[in-house]
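See structure below.
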Amino acid sequence: MGLVDVLRGVIRTSTADTATLYECRHCGTTLSVDAETCPTCGGEDVACYRF
747 MGLVDVLRGV IRTSTADTAT LYECRHCGTT LSVDAETCPT CGGEDVACYR
797 F
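The opening position of the sequence shown corresponds to residue 747 in this note's numbering, with each subsequent residue numbered one higher.
Printed below as a string of structure tokens:
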């Protein structure tokens, strides 16, 4: 079993639900689910990460 497998197991057992992070692709500001533009830089590209 590799390190990645161990970490995946720890993450799975510590949280039953998945977490979602919305972030501005330009400046990295964390955004709300319904944000269409970044309030910090005005960027319109939103990245969505699911953990």
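Ideal placement from N, C-alpha and C gives every residue a C-beta, glycine not left out.
In this text, all values refer to a predicted model and were calculated from it rather than measured experimentally.
Review point. With Thr786 and Cys773 assumed to form a contact (beta carbons below 8 Å), what rounded beta-carbon distance in angstroms separates them?
Key: Your numbering for residue 786 matches position 40 in the sequence shown. Your numbering for residue 773 matches position 27 in the sequence shown. Between Thr786 and Cys773, the beta carbon gap of about 5 Å places them in contact (Cβ cut-off 8 Å).
Exercise for review: Could you pull out every residue in the same chain whose Cβ sits closer than 8 Å to the Cβ of Asp791, ignoring the five residues on either side in sequence?
Suggested key: Residue mapping note: residue 791 aligns to position 45 of the sequence shown, counting from 1. The answer, listed in chain order, is Cys770, Arg771 and His772.
Practice item. For the beta strand (DSSP E) containing Ala793, list its first residue and its last residue. Key: In the sequence shown, counting from the first residue as 1, residue 793 sits at position 47. Element bounds for Ala793: Val792 to Arg796.
**Study point:** Exposed unless 16 or more other CB atoms sit within 10 angstroms - verdict on Leu749
**Key:** Numbered from 1 along the sequence shown, position 3 holds the residue referred to as residue 749. Exposed.
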